[in-house]
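Beneath this line is the structure, given in structure tokens, with notes to follow.
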Amino acid sequence: MRIWVFAEEVDGAPSSLSLEMLTKARDLGDEIAAFLVGAGSSEAVAALGAHGAATVYHLDPGDILPSAAAAAALSELCASESPDLLLFGLQPTDRDVAGRLAARLGVAVLSNAVDIITADGSSRVINEILGGTTLVVTEFTDPGPHIAIVRPKSFTAEPVGSAEPTVVAVAVPDTAHSGSARITASHAEKSSGPKLEEADVIVSGGRGMGSEEHFAAVEELAGLLGAAVGATRAVVDAGWVPYSLQVGQTGKTVKPSVYIALGISGAMQHLVGMKDSATIIAVNKDEEAPIFGVADLGVVGDVHKVLPKLIEALKARH
Amino acid sequence: MKIAVCVKQIPDPATPYELDPENHFVIRPADQVLDDTDRYGIELGLQLAEETDGEVVLVSMSPAGNLQGIRQALAMGADKAIVVDDEALRGSGALETARVLAAAIEREGADLVIAGTESTDGYAGVVPQMLAEFLGMPALTFARKVEHESGTIRIERQTGAGYDVVESDLPAVVSVTSGAVEPRYPTFKGIMQAKQKPVEQPSCAELGLEAAAVGYAGSGQDIKEVRPAPERAAGVKVQDEGDAHQEIVRLLEQAKVI
Chain A
1 MRIWVFAEEV
11 DGAPSSLSLE
21 MLTKARDLGD
31 EIAAFLVGAG
41 SSEAVAALGA
51 HGAATVYHLD
61 PGDILPSAAA
71 AAALSELCAS
81 ESPDLLLFGL
91 QPTDRDVAGR
101 LAARLGVAVL
111 SNAVDIITAD
121 GSSRVINEIL
131 GGTTLVVTEF
141 TDPGPHIAIV
151 RPKSFTAEPV
161 GSAEPTVVAV
171 AVPDTAHSGS
181 ARITASHAEK
191 SSGPKLEEAD
201 VIVSGGRGMG
211 SEEHFAAVEE
221 LAGLLGAAVG
231 ATRAVVDAGW
241 VPYSLQVGQT
251 GKTVKPSVYI
261 ALGISGAMQH
271 LVGMKDSATI
281 IAVNKDEEAP
291 IFGVADLGVV
301 GDVHKVLPKL
311 IEALKARH
Chain B
319 MKIAVCVKQI
329 PDPATPYELD
339 PENHFVIRPA
349 DQVLDDTDRY
359 GIELGLQLAE
369 ETDGEVVLVS
379 MSPAGNLQGI
389 RQALAMGADK
399 AIVVDDEALR
409 GSGALETARV
419 LAAAIEREGA
429 DLVIAGTEST
439 DGYAGVVPQM
449 LAEFLGMPAL
459 TFARKVEHES
469 GTIRIERQTG
479 AGYDVVESDL
489 PAVVSVTSGA
499 VEPRYPTFKG
509 IMQAKQKPVE
519 QPSCAELGLE
529 AAAVGYAGSG
539 QDIKEVRPAP
549 ERAAGVKVQD
559 EGDAHQEIVR
569 LLEQAKVI
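Chains A and B, in that order, give the protein sequences.
Residue numbers for the first sequence follow this note's numbering, so the first one is 1 and each next one is one higher.
Residue numbers for the second sequence follow this note's numbering, so the first one is 319 and each next one is one higher.
This is the structure:
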């Protein structure tokens, strides 16, 4: 089976999700390639090779928003190379390219995959609904190529060696007005402490923290534990913290050793982003809050009383 | 400027939906509500229309059987709605949804198309991009801020690390994240006026779409199985009597975090 994995290059490295997908692709197929969009650093190519890509198709979009061009180039390559399955990650550029490519090819996209099963030439995608309580198994029925969008951290990235992949340069096709959007500037949010996606411990706050000032206590606890700070969509929408800290369906998916949820009720859209953490601790005043359904330790109480005491106790140990 | 805003009527998220045991489709209750995340796109559309003396047309596709959520959207101030509610659409996936929306928008004409990044009930998260491909427009996606200046649209596009500034000429598709703008509350006058606003309801055939291109048959996917996910072992729940923080400290010690 011929499987291609989409890889966006950010700061000289392929997205971590692309390496997770390549690792899974190795289990599913025997002809694995990556479609790399970015400057094409030798480190990025080497990382893709090390995770199982025998071929790297490389498109350098320069300063254009790459989605339309990448989709057009991929659809031409699909016609000549006939991949069976294309994997994209649940992140902005991957979603943009997957959607446009599917529209070009007139094929289905199955999104939010947490697992992929292939047998006898058919491909099935497993996704979670209802906050992760229910699994749905869906089979592609059109002739393909089949396009799946995979949730982060569904698979663990593991290198397989250091084989040099064959690099095939792909020209930027003319997509007329569709491809005319340009990136004129890039901004990175300043953050201290570990990165949310990589952190071993995460302290997250929800609307139950009450206000932006009170949210500072979430940051203080995270500082004491060497943890990353996370937040719910409500908190990001309220403007207390930037989107880059959002955990959930429309934010980041995390699987730390310990996840501490403070003033978070546990909306489905949040649960899908953190429910697979090894240990979950939750503090919420509402005894019926859904977050307690996934918590290993649930404290029913006022976060404004519990959290200061916890911070004091931890400071006393230092 | 003529602005099309894509909106969706969904089962009320406060009450979890159920799946039909036969065909695994979402059982849509008689009363559906406007997807809350659509309010941001509507608000943005209204603001841009106010700046440009333009018009906001809502475009929706769903076999909903009623217009409750559409009236909610009209009450915010949109001028009219086009709702494609055809039995042939049952079981449509993202691709068919985008085909239908694109056909409706093409017939109506629009300088700018606004959508949310994904719906709250289906969350495939690719409809705006598909729509852009069908319409031959750039897709400026995941916008946390949108500005318009004489035919050029400029957004701040959310990225994993922060945001990129992206711009293009119109026509274009923009997908907005929640929080991009502050949605207005409908006024009493708005709610009353919404009842009188025009709602066009073209069939798939009237939009030039063949039945094979929409609905479950055309969706290229078949749900094979629905099963409960493995359950997480039940945890411990304690009431805070003033010393529950000690329980947390103990667990953090156990997990070797401290």
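No residue lacks a Cβ here, since even glycine has one placed at the ideal position from N, Cα and C.
Min CB distance residue i to chain B below 9 Å
i, result
"A/I116", "no"
"A/K309", "yes"
"A/S109", "The residue you asked about is not Ser; residue 109 of chain A is Val in the sequence shown. With 9 Å as the cut-off, A/V109 counts as an interface residue toward chain B."
"A/V258", "yes"
"A/K255", "no"
"A/D60", "no"
"A/R2", "no"
"A/S244", "yes"
"A/I183", "yes"
"A/L65", "yes"
"A/F6", "no"
"A/F292", "yes"
"A/L135", "yes"
Closest residue to residue i among the options (Cα-Cα distance)
i, options, result
"A/T175", "B/A450, B/F343 and B/G533", "B/A450"
"B/R502", "B/S378, B/L407 and B/G395", "B/G395"
"A/L17", "A/L48, A/L28 and A/G266", "A/L48"
"B/Q365", "B/E500, B/L488, B/Y534 and B/V554", "B/E500"
"B/G440", "B/I328, B/G497, B/P504 and B/S378", "B/I328"
"A/S191", "A/A228, A/A33 and A/P173", "A/A228"
"A/F6", "A/G12, A/A13, A/E31 and A/V37", "A/V37"
"A/S265", "A/S180, A/E287 and A/V258", "A/E287"
"A/A320", "A/A25, A/A33, A/V172 and A/V109", "The structure shown has nothing for residue 320 of chain A, since chain A only spans 1 to 318."
"A/N340", "A/V299, A/L101, A/V218 and A/Q91", "In the structure as shown, chain A begins at 1 and stops at 318. Residue 340 of chain A is therefore absent and cannot be evaluated."
"A/F35", "A/G89, A/E189, A/V299 and A/M1", "A/G89"
"B/V325", "B/T333, B/D371 and B/V375", "B/V375"
"A/A68", "A/A98, A/V300, A/L196 and A/L314", "A/A98"
"A/H177", "B/R568, B/A531 and B/S486", "B/S486"
"B/V517", "B/Q350, B/Q386, B/A367 and B/Q539", "B/Q386"
"A/G263", "A/G208, A/K309 and A/I311", "A/G208"
"B/L564", "A/A199, A/Y243 and A/R317", "Just to set this straight, residue 564 of chain B is Gln in the shown sequence, not Leu. Comparing Cα-Cα distances from B/Q564 to each of A/A199, A/Y243 and A/R317, the minimum goes to A/R317."
Proximal chain B residues relative to residue i, where beta-carbon distance stays under 8 Å
i, result
"A/D237", "S496 and G497"
Residue i: contacting residues in chain B (beta-carbon distance under 7 Å)
i, result
"A/E128", "A547"
"A/F140", "G538 and Q539"
"A/A68", "P456"
"A/A217", "What A/A217 touches in chain B: nothing, since even the nearest Cβ is about 13 Å away."
"A/R233", "S496"
Closer than 9 Å to chain A by CB, residue i
i, result
"B/E436", "yes"
"B/M448", "yes"
"B/T477", "yes"
"B/Y335", "yes"
"B/D429", "no"
"B/L570", "yes"
"B/G380", "It is worth fixing the name first, because residue 380 of chain B is Ser in this sequence and not Gly. So, not an interface residue."
"B/A416", "yes"
"B/R472", "yes"
"B/Y588", "Nothing in the structure corresponds to residue 588 of chain B, since chain B is present only between 319 and 576."
"B/A442", "yes"
Beta-carbon neighbours of residue i, restricted to chain A and to distances below 9 Å
i, result
"B/D356", "What B/D356 touches in chain A: nothing, since even the nearest Cβ is about 14 Å away."
"B/I566", "I260, I281, V283, L297, V299, V306, L310 and A313"
"B/I576", "L224, L225, L314 and R317"
"B/Q557", "E287, V299, V300 and G301"
"B/D482", "L65, I183, T184, A185, S186 and H187"
Under 7 Å from the C-beta of residue i: neighbouring residues of chain A
i, result
"B/A573", "S257, V258 and T279"
"B/H466", "Correct list: empty, because the minimum Cβ distance to chain A is about 14 Å."
"B/D487", "S180"
"B/A562", "V299, G301 and V306"
"B/G553", "A295, D296, L297 and G298"
Within chain A, partners of residue i - CB distance below 8 Å
i, result
"B/L413", "A102, A103, G106, V107, A108 and V109"
"B/V325", "Per Cβ cutoff of 8 Å: no residues; B/V325 is ~17 Å from chain A at best."
Check your understanding: Of the residues that make up the segment 452 to 463 of chain B, which ones have a beta carbon closer than 9 Å to any beta carbon in chain A?
Key -> F452, L453, G454, M455, P456, A457, L458, T459, F460 and R462
**Study point:** Chain-ordered residues of the segment 522 to 550 of chain B with a beta carbon less than 7 Å from chain D
**Key:** Among the protein chains of the structure shown, namely A and B, there is no chain D.
**Study point:** Three CB pairs or more closer than 8 Å across the segment 487 to 503 of chain B and the segment 431 to 441 of chain B
**Key:** yes
Review point. Any contact of the segment 451 to 468 of chain B with the segment 217 to 225 of chain A, i.e. 3+ C-beta pairs under 8 Å?
Key: no
Practice item. Could you run through the segment 383 to 400 of chain B and flag, in chain order, every residue whose CB is less than 8 Å away from some CB of chain A? Key: none
Review point. Touching or not, the segment 163 to 174 of chain A and the segment 52 to 63 of chain A, by the rule of three or more beta carbon pairs under 8 Å?
Key: yes
Point to revise | Touching by the beta-carbon criterion (3+ pairs, under 8 Å), the segment 225 to 235 of chain A and the segment 198 to 206 of chain A | key: yes
Review point. With contact counted as at least three CB pairs below 8 Å, one residue from each stretch, are the segment 331 to 347 of chain B and the segment 504 to 517 of chain B in contact?
Key: no
Check your understanding: Do three or more CB pairs link the segment 105 to 124 of chain A to the segment 463 to 471 of chain B at distances below 8 Å?
Key -> Look at the beta carbons and you see the segment 105 to 124 of chain A not touching the segment 463 to 471 of chain B: under three pairs across the two are nearer than 8 Å.
Check your understanding: the segment 80 to 94 of chain A: which residues have C-beta closer than 8 Å to a C-beta of chain B, in chain order?
Key -> L90, Q91 and P92
Point to revise | Residues from the segment 149 to 167 of chain A in contact with chain B, defined by Cβ distance under 9 Å | key: I149
Exercise for review: Would you check if the segment 149 to 161 of chain A and the segment 531 to 549 of chain B touch, i.e. whether three or more CB-CB distances between them fall below 8 Å?
Suggested key: no
Review point. Using 8 Å as the threshold, is the segment 265 to 283 of chain A in touch with the segment 520 to 527 of chain B, meaning 3 or more CB pairs across them?
Key: no
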